[in-house]
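Below is one structure, written out as structure tokens; the observations come after it.
Protein chains: 2
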Amino acid sequence: MSREPRARRQPYSVDVVALTPRDNELAVLLERRGDGAGRDKSVRWVIPWTVSKSGEGLTELSQRALRNSTGAATTWTTQVGAFSDGPHPGGSELSILYVALVPMGQATVSSENFEWFRLSDLPALTERQSQMLQVSVAAVRDRLDLYPVAFKLLPATFTLSELQHIYELLLGRRLHKASFRRALAAAALVEPTDEWRSEGRGRPAQLYSLGTRKRRRGKRGVRFDLLG
Amino acid sequence: MSREPRARRQPYSVDVVALTPRDNELAVLLERRGDGAGRDKSVRWVIPWTVSKSGEGLTELSQRALRNSTGAATTWTTQVGAFSDGPHPGGSELSILYVALVPMGQATVSSENFEWFRLSDLPALTERQSQMLQVSVAAVRDRLDLYPVAFKLLPATFTLSELQHIYELLLGRRLHKASFRRALAAAALVEPTDEWRSEGRGRPAQLYSLGTRKRRRGKRGVRFDLLG
DNA sequence: GACATTAGTCGCATTATGTGACTAATATGC
DNA sequence: GCATATTAGTCACATAATGCGACTAATGTC
Numbered sequence: 002m003s004r005e006p007r008a009r010r011q012p013y014s015v016d017v018v019a020l021t022p023r024d025n026e027l028a029v030l031l032e033r034r035g036d037g038a039g040r041d042k043s044v045r046w047v048i049p050w051t052v053s054k055s056g057e058g059l060t061e062l063s064q065r066a067l068r069n070s071t072g073a074a075t076t077w078t079t080q081v082g083a084f085s086d087g088p089h090p091g092g093s094e095l096s097i098l099y100v101a102l103v104p105m106g107q108a109t110v111s112s113e114n115f116e117w118f119r120l121s122d123l124p125a126l127t128e129r130q131s132q133m134l135q136v137s138v139a140a141v142r143d144r145l146d147l148y149p150v151a152f153k154l155l156p157a158t159f160t161l162s163e164l165q166h167i168y169e170l171l172l173g174r175r176l177h178k179a180s181f182r183r184a185l186a187a188a189a190l191v192e193p194t195d196e197w198r199s200e201g202r203g204r205p206a207q208l209y210s211l212g213t214r215k216r217r218r219g220k221r222g223v224r225f226d227l228l229g
Numbered sequence: 002m003s004r005e006p007r008a009r010r011q012p013y014s015v016d017v018v019a020l021t022p023r024d025n026e027l028a029v030l031l032e033r034r035g036d037g038a039g040r041d042k043s044v045r046w047v048i049p050w051t052v053s054k055s056g057e058g059l060t061e062l063s064q065r066a067l068r069n070s071t072g073a074a075t076t077w078t079t080q081v082g083a084f085s086d087g088p089h090p091g092g093s094e095l096s097i098l099y100v101a102l103v104p105m106g107q108a109t110v111s112s113e114n115f116e117w118f119r120l121s122d123l124p125a126l127t128e129r130q131s132q133m134l135q136v137s138v139a140a141v142r143d144r145l146d147l148y149p150v151a152f153k154l155l156p157a158t159f160t161l162s163e164l165q166h167i168y169e170l171l172l173g174r175r176l177h178k179a180s181f182r183r184a185l186a187a188a189a190l191v192e193p194t195d196e197w198r199s200e201g202r203g204r205p206a207q208l209y210s211l212g213t214r215k216r217r218r219g220k221r222g223v224r225f226d227l228l229g
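Order-wise, the sequence lines are chains A and B.
Numbered according to our numbering, the first sequence spans residues 2 to 229.
Numbered according to our numbering, the second sequence spans residues 2 to 229.
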């Protein structure tokens with residue numbers, strides 16, 4: 002997609018931050034903007050976005066943006082919010098932001114205009130785009146305890162070590178193996194399959210899958226220790 | 002505000018769900034719509050909303066909507082999301098939803114066009130409005146552990162019993178007094194003032210205020226028990 | 001002064017969590 | 001084959017958090 006001809010202002014766009022685990026951290030999918038020949042060379046990558054065509058719902062729009070950038074991948078997607086400050090590459094006033102979680106190892110691109118970047122190795126972004134990315138990652142972290150986001154970053158079956166690595170990646174700190182597994186077992190969240198994976202060296206790991214939802218209600222007390 | 006003359010479609014509106022504790026549950030501020038003489042008599046109340054005037058940011062818009070409906074009250078406000086399904090009373094395609102938390106006892110109205118309704122005693126709403134209200138309440142609940150929302154539903158000073166009641170109201174279940182206070186003390190969240198409140202019968206209660214933030218980081222393990 | 005009512009605390013049983021050390025199963029180097 | 005490295009998975013025990021009933025404290029009402 003090349004530069005727009007001084008676009009008339011679109012009312013709103015749907016922007017999608019697609020995240021996937023890579024090299025022990027998160028990576029985000031960005032779109033190449035223009036050919037670098039324009040006057041604004043400093044910003045060459047943007048968060049993929051679409052604008053409404055004809056009465057499409059927000060969800061459909063986000064799915065279309067995702068399909069357009071990753072190539073396929075019906076992944077888990079959730080809305081983060083709306084942003085109005087600063088300019089948008091498509092000239093829209095409003096950005097409706099979605100995060101999409103792409104399972105490890107399934108991070109594809111639809112064309113060479115798209116590329117995955119590790120968060121520690123990002124290209125320059127505009128203020129608004131940078132903020133949207135930051136809020137997206139924070140949104141995923143905040144939902145970690147309430148929604149199965151960690152599992153959406155993994156394939157349907159996974160080893161417990163992989164699951165722990167995802168949690169460590171999202172929390173930004175190491176977890177103790179025995180504690181992690183004990184808590185996981187207590188919640189009866191995952192179920193073992195009869196498959197094992199041999200990763201080269203070391204003992205093979207058993208594969209697990211996310212168990213059927215059990216509507217367990219939290220009956221425990223209030224945690225005041227993570228109010229921020 | 003009376004019926005609009007077959008409004009041209011606005012690009013988007015900002016809708017504000019204002020919540021306050023009342024009679025041991027939450028109450029929401031609604032706006033009377035039209036005079037009841039129109040053909041659509043069944044829906045006479047709507048969630049207060051505004052549309053953009055001239056390059057206002059979303060935050061300013063929500064503040065204006067709030068001022069317009071409650072009369073004053075600079076309360077704590079946060080964005081919930083964007084909604085596109087179903088019709089909006091203002092004819093906009095998109096609703097950007099905000100929740101505002103109004104401290105107990107400070108729930109005023111700017112005019113007789115506005116009224117507070119307990120959630121158990123709501124008037125009929127459209128599908129979209131009903132959904133937005135439901136999502137707003139869920140958003141507040143989901144943020145209970147991460148953000149000091151419970152304190153935003155109380156005045157600057159409060160008794161510990163009042164605080165516990167707010168938590169019980171938001172969680173929908175009873176908490177044990179001693180456990181609640183022990184956890185609260187461990188987090189060093191609140192500070193006692195030297196004031197006491199005598200509520201008629203019973204022993205007077207000491208008043209507390211929310212202490213200064215202390216950036217305590219969560220070093221504890223993962224909770225799998227409330228994934229849903 | 002007995003009683004009702006609300007605030008606030010204590011002690012102990014139970015459960016959850018942190019942590020290091022242990023065993024198990026595989027690959028590699030010699 | 002056998003020692004060693006590497007990763008998976010478990011155990012046992014100490015410490016911390018939580019559930020919960022019973023207690024004391026301070027007020028108003030009769």
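Backbone N, C-alpha and C fix where the C-beta goes; we use that ideal spot for every residue, glycine too.
Name the chain A residues whose beta carbon is nearer than 9 Å to that of Ile-167 of chain B? Within chain A, no residue comes near Ile-167 of chain B; the closest Cβ sits about 11 Å away, beyond 9 Å.
Short of 9 Å Cβ to Cβ, which residues in the segment 123 to 148 of chain A face chain B? Asp-143, Arg-144, Leu-145, Asp-146, Leu-147, Tyr-148
Do the CB positions of Trp-77 of chain A and Ala-101 of chain A come within less than 8 Å of each other? Taking a C-beta distance under 8 Å as the contact criterion, Trp-77 of chain A and Ala-101 of chain A qualify as a contact pair.
Starting from the C-beta of Pro-22 of chain B, find all residues in its chain whose C-beta is less than 7 Å away, skip the five residues before and the five after it, and write them out in chain order. Met-105, Leu-154, Ile-167, Leu-170
Taking Cβ positions, are Leu-147 of chain A and Asp-226 of chain B nearer each other than 8 Å? Cβ distance not < 8 Å, so Leu-147 of chain A and Asp-226 of chain B don't count as in contact.
Would you mind sorting His-89 of chain A into buried or exposed? The rule is 16 or more other CB atoms within 10 Å of its CB. buried
Does the CB of Leu-227 of chain B have a neighbour CB from chain A at under 8 Å? Closer than 8 Å to some Cβ of chain A, the Cβ of Leu-227 of chain B qualifies, so yes.
Suppose only complete runs of 4+ residues qualify. What are the alpha helix (DSSP H) ranges in the segment 130 to 209 of chain B, listed by chain order? 150 to 153, 161 to 172, 178 to 188
Under 7 Å by beta carbon: chain B residues contacting Arg-224 of chain A: Asp-146
For Arg-9 of chain B and Ser-137 of chain A, I'd like the C-alpha separation in whole angstroms. Per-residue confidence for Arg-9 of chain B stands at a pLDDT of 49, beneath the threshold of 50, marking its modelled position as unreliable; the derived number appears in the next sentence. Cα to Cα, Arg-9 of chain B sits roughly 33 Å from Ser-137 of chain A.
Partners in chain A for Asp-86 of chain B, counting only beta-carbon separations shorter than 7 Å: Gly-58
Compare the C-beta of Leu-161 of chain A against all C-beta atoms of chain B and say whether one is closer than 8 Å. no
How long is the line joining the alpha carbons of Arg-65 of chain B and Thr-51 of chain B, rounded to whole angstroms? Each residue's alpha carbon lies about 8 Å from the other.
Supposed close pair Val-191 of chain A, Ser-210 of chain A - CB separation, criterion 8 Å: Taking the Cβ atoms as the reference, Val-191 of chain A lies roughly 7 Å from Ser-210 of chain A, within the contact range of under 8 Å.
Can you check whether the CB of Tyr-13 of chain A is closer than 8 Å to the CB of Ser-63 of chain A? No, the pair does not count as a contact, with Cβ atoms beyond the cut-off.
At least one CB of chain B closer than 8 Å to the CB of Ile-48 of chain A: is that the case? It does not: the Cβ of Ile-48 of chain A has no partner Cβ on chain B nearer than 8 Å.
Within 8 Å of any Cβ in chain A, is that where the Cβ of His-12 of chain B sits? Checking the sequence shown, residue 12 of chain B turns out to be Pro, not His. Yes - at least one Cβ of chain A is within 8 Å of the one on Pro-12 of chain B.
Any C-beta of chain A under 8 Å from that of Gly-212 of chain B: no
Between Ser-34 of chain B and Val-47 of chain B, how many whole angstroms is the CB-CB distance? I'm expecting something under 8 Å. Looking at the sequence itself, residue 34 of chain B is Arg, so the reference to Ser does not match. Yes, Arg-34 of chain B and Val-47 of chain B are in contact; Cβ-Cβ is about 5 Å, under 8 Å.
Mapping DSSP to helix, strand and coil, what is Ala-73 of chain A? coil
So that I know if they touch, is there some Cβ in chain A lying closer than 8 Å to that of Gly-92 of chain B? no
One question on the structure: do Thr-71 of chain A and Val-110 of chain A come within less than 8 Å of each other, judged by their Cβ atoms? yes
Thr-79 of chain A versus Asp-195 of chain B: straight-line alpha-carbon distance, rounded: Rounded to the nearest angstrom, the two C-alpha atoms are 46 Å apart.
Using beta-carbon positions only, say whether Ser-162 of chain A and Ala-189 of chain A come within less than 8 Å of one another. no
Report all residues from its chain with a CB closer than 7 Å to the CB of Val-81 of chain A; omit the five preceding and five following residues, and keep chain order. Leu-98, Tyr-99, Val-100, Val-136, Ser-137, Ala-140
If you count every other CB in all the chains shown that lies within 10 Å of the CB of Ser-180 of chain A, and 16 or more means buried, which is it? Exposed, because fewer than 16 other Cβ atoms sit within 10 Å of the Cβ of Ser-180 of chain A.
Any beta-carbon of chain A closer than 8 Å to the one on Gln-80 of chain B? yes
Could you tell me whether the Cβ atoms of Leu-208 of chain B and Thr-127 of chain B are closer together than 8 Å? Leu-208 of chain B is not a Cβ neighbour of Thr-127 of chain B, given a cutoff of 8 Å.
Leu-164 of chain B at chain A interface by Cβ criterion, 8 Å: no
Could you check where the beta strand (DSSP E) with Thr-21 of chain B kicks off and where it finishes? It spans 13 to 23 - the beta strand (DSSP E) in which Thr-21 of chain B sits, taken as one unbroken run.
Is the beta carbon of Val-256 of chain A sitting closer than 8 Å to the one on Met-133 of chain A? Not covered by the structure: residue 256 of chain A. The range shown for chain A is 2 to 229.
When the Cα atoms are used, what is the spatial distance from Thr-160 of chain A to Ser-199 of chain A? 11 Å
Is there a Cβ from chain A that is less than 8 Å from the Cβ of Ala-188 of chain B? By the rule that beta-carbons nearer than 8 Å mark a contact, Ala-188 of chain B touches chain A.
Who are the near neighbours of Arg-221 of chain B in its chain, counting only those whose CB is closer than 8 Å to its CB and skipping five residues on each side? Hits under 8 Å: none found.
Do you know offhand how far Arg-202 of chain B's Cα is from Lys-178 of chain B's? 19 Å
Same chain, Cβ closer than 8 Å to Ala-28 of chain A, neighbours up to 5 away in sequence not counted: Cβ neighbours of Ala-28 of chain A beyond the five flanking positions: Leu-20, Thr-21, Pro-22, Ala-108, Trp-117, Phe-118, Arg-119, Leu-120.
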